Structure formats: structure tokens, C-alpha cells
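Peer 1: Encoded as C-alpha cells, here's the structure I'll be asking about.
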């Protein structure tokens, strides 16, 4: 039973929430894979995960050989990949807020904060030719874009949400 303050969640918002959920799973996987790469201690393997584009071919990436620089690279890459996983966890909250509460706040978090994550990745890594374009690297930004375009069509009118 829906309370009088609850707004119905439309089909488009449910599709958007599902897309944010899928986006989240992909990004949480990056965090776990980063932990796996860090635990393995192979900095070349770790860099292989994040390179391979036209401007950063894997065979031309200079892998450090001294212990201090290897540790620096491993820890920096771990930080980056776990931060990506953290965005994935935030995406779970966004998906839940949209699915359960038809929340404009959830949508705006997905649009702005997750947008910062995905747009930075898109321009700094993908379009710049650093990371290899592939289904996993392209799907995140595409899923995010579809989610932010579709979701508002299933949310209650913004004005009625603000007045409650």
C-alpha cells in the first residue's frame, strides 16, 4: 500500500533505475578487479587493465622496475580502481532511490555526481585514446547516458515533488 506522500514510480524511472543498477555492477567489478590486481602485485598487469588505446598502446607503456615506483604505481592504481568501485556503490543508492521512492534527489545524484565520474572517464581515458575501447569500457558511459535521459520521464512532476 502506498502512503499519501509516496509518488508512483513510472516505467521509464524503473528502466533508469535498472540501468543505474547495471552501471553500478560494472563499476563495483572495477573496484574488485583493482583489489585483485593489487594483491597480485604485478604492475604491468594492472596497467594493462587501464591502457591499450591508440595513444597508450600496452607495448609502449613504460613499466617501472624499482621497488619504490612499483609501490607508488600499485597504490595509485588501487586508489583509482577502488574509487571507481565506490561510485558503483553510490549508483546502488541512486538506483534504490529512483526505484523505491521516485526520488528526484536520487536522479540528480546520478546525473551530477555519477556524471562527473563517467564524463571524466569518457574524456580523460576513452576519447583521449588511453584505455582500449571495448564493450566494458564503452558500455558504462552509454548506460549512464541512457539512464539520465530516460529516468525523468518516469518520475513525478518536479514541482509536486518539491512541494511535499
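Numbering (this note's numbering), first residue to last: 256 to 419.
Just so you know, even glycine gets a beta-carbon here, dropped at the ideal spot from N, CA and C.
Owing to the predicted nature of the structure, the values given are computational and were not obtained by experimental measurement.
#1: Start and end of the alpha helix (DSSP H) containing residue 394?
#2: Unbroken beta strand (DSSP E) runs of length 3 or more, entirely within the segment 278–310: which are they?
#3: What span of residues does the alpha helix (DSSP H) with residue 350 cover, start to end?
#4: Grab the span of the alpha helix (DSSP H) containing residue 376 for me, first residue to last.
#5: Helix, strand or coil for residue 274 per DSSP?
#6: Name the DSSP beta bridge partners of residue 386, please?
#7: To the nearest angstrom, how far is the alpha carbon of residue 265 from that of residue 405?
#8: Whole angstroms is fine: what's the gap from residue 402's alpha carbon to residue 325's?
#9: Expressed to the nearest angstrom, what Euclidean distance is found between the alpha-carbon atoms of residue 362 and residue 346?
#10: On the premise that residue 332 lies in contact with residue 378, defined as a C-beta separation below 8 Å, what is that separation, rounded to the nearest angstrom?
#11: Between residue 339 and residue 286, which are expected to be in contact by the criterion C-beta below 8 Å, what is the C-beta distance as a whole number of angstroms?
#12: Residue 369: buried (16+ other C-beta within 10 angstroms of its C-beta) or exposed?
Peer 2: Per the coordinate set shown:
#1: 390–405
#2: none
#3: 322–356
#4: 359–376
#5: helix
#6: 307
#7: 11 Å
#8: 38 Å
#9: 10 Å
#10: Between residue 332 and residue 378 the Cβ distance is about 20 Å, and since that is not below 8 Å, they are no contact.
#11: 6 Å
#12: buried
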